[in-house]
Amino acid sequence: MTRRRFPDRVYREGAEPDPRFSLANERTFLAWLRTALAMYAAAFALEALSLPEAVGWRIAAAAVFLLLGTLAAVQAWFGWSAAEKALRRSAPLPGLGVGGVIVIGIVVAAGLVTIGMFV
1313 MTRRRFPDRV
1323 YREGAEPDPR
1333 FSLANERTFL
1343 AWLRTALAMY
1353 AAAFALEALS
1363 LPEAVGWRIA
1373 AAAVFLLLGT
1383 LAAVQAWFGW
1393 SAAEKALRRS
1403 APLPGLGVGG
1413 VIVIGIVVAA
1423 GLVTIGMFV
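Be aware that the sequence shown starts at 1313, since it is given in my numbering, and climbs by one per residue.
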């Protein structure tokens, strides 16, 4: 009897890869989720700490962090799925995806906080 695994669309492709590679892919998935949690924590902290800055700038920065957290969580799932499929097909691994967008977003959010502190 073959055990079905979720998601079937990933596991039905190709052959079973070396477990070390699948486990490394899972660690990357978890790292993206930690990044998402950190972005959410930053957004909530901006609102909870009542920093001495203009409210509009703080809300804008919190919104950017919330968006980045959601983007990181989505990247975790789709990045894991694409990498696992590539491993199972012995194909090249996919590129970084949204990592560059998240870096730029963090810089923008930090800029918003900084501007808000001096306005």
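Backbone N, C-alpha and C define an ideal beta-carbon position, used for all residues, glycine too.
Everything numeric in this text was worked out from a predicted model, so none of it was measured.
Since residue i and residue j should fall inside the 8 Å C-beta cutoff, what is the C-beta to C-beta distance between them, to a whole number of angstroms?
i: Gly1417; j: Leu1380; result: 4 Å
i: Glu1359; j: Ala1348; result: At roughly 18 Å, the Cβ-Cβ gap does not stay under 8 Å, so Glu1359 and Ala1348 are not in contact.
i: Pro1329; j: Leu1399; result: 4 Å
i: Trp1344; j: Ala1388; result: 3 Å
From which residue to which residue does the alpha helix (DSSP H) around residue i run?
i: Gly1411; result: Gly1411 to Phe1430
i: Glu1359; result: Pro1331 to Ala1360
i: Ser1393; result: Val1367 to Arg1401
At the level of alpha carbons, what is the spacing between residue i and residue j?
i: Ala1353; j: Ser1334; result: 29 Å
i: Phe1341; j: Val1322; result: 15 Å
i: Ser1393; j: Val1367; result: 39 Å
i: Met1313; j: Ser1402; result: The pLDDT assigned to Met1313 is 46, lower than 50, so where the model puts this residue is not dependable; a value taken from the coordinates is nonetheless given after this. Straight-line Cα distance between these residues: approximately 26 Å.
According to DSSP, simplified to helix, strand and coil, what is residue i?
i: Arg1316; result: coil
i: Arg1321; result: helix
Determine whether the beta carbon atoms of residue i and residue j lie at a separation below 8 Å.
i: Val1410; j: Leu1378; result: no
i: Val1376; j: Val1420; result: yes
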